[in-house]
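Numbering (our numbering), first residue to last: 85 to 196.
Below you can see the structure in the form of structure tokens.
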């Protein structure tokens with residue numbers, strides 16, 4: 085195929101791939117080498133809309149005194165982790181092709 089038609093061919097394949105993995109958590113490979121994970125929400129002729137997660141930490145309440153609950157008190161424990169999803173729109177040409185890999189599914193541990 086000539087070079088001009090190759091871009092159209094890749095865009096059609098990318099759109100079909102996005103339609104196939106719509107509402108799935110996927111990992112996308114960008115042209116600069118970075119990876120972008122998110123949930124594909126929409127795919128039109130030129131762009132794909134993804135819900136991209138960002139990490140948010142729980143804010144420490146500095147007014148609390150004592151040491152019985154929380155991460156740094158006597159009770160031990162763990163820090164709570166939150167994920168917030170932001171809607172972002174990416175053009176198809178920003179991704180390396182083939183660019184979408186489904187997020188790995190870990191099978192549950194078998195109980196014997």
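Backbone N, C-alpha and C fix where the C-beta goes; we use that ideal spot for every residue, glycine too.
It should be emphasised that the depicted structure is a prediction, and the values quoted were computed from it without experimental measurement.
Taking only three categories from DSSP, how would you classify residue i?
| i | result |
| --- | --- |
| residue 100 | helix |
On the criterion of 16 or more Cβ atoms from any shown chain inside 10 Å, does residue i qualify as buried, or is it exposed?
| i | result |
| --- | --- |
| residue 108 | exposed |
| residue 140 | exposed |
| residue 191 | exposed |
| residue 193 | exposed |
| residue 134 | buried |
| residue 185 | exposed |
| residue 112 | buried |
| residue 102 | buried |
Distance check for residue j and residue i, CA to CA, integer angstroms please.
| i | j | result |
| --- | --- | --- |
| residue 195 | residue 167 | 30 Å |
| residue 137 | residue 121 | 7 Å |
| residue 175 | residue 169 | 19 Å |
| residue 89 | residue 177 | Note that residue 89 scores a pLDDT of 47, beneath 50, so its modelled location is shaky; the value from the coordinates is reported in the next line. Taking the straight line joining both Cα atoms gives about 14 Å. |
| residue 110 | residue 128 | 17 Å |
| residue 115 | residue 189 | 25 Å |
| residue 106 | residue 98 | 12 Å |
| residue 100 | residue 173 | 17 Å |
| residue 119 | residue 187 | 12 Å |
Give me the residue from the options with the minimum Cα distance to residue i.
| i | options | result |
| --- | --- | --- |
| residue 117 | 139, 184, 179, 170 | 179 |
| residue 132 | 123, 138, 139 | 123 |
| residue 126 | 113, 114, 104 | 104 |
| residue 96 | 172, 173, 130 | 130 |
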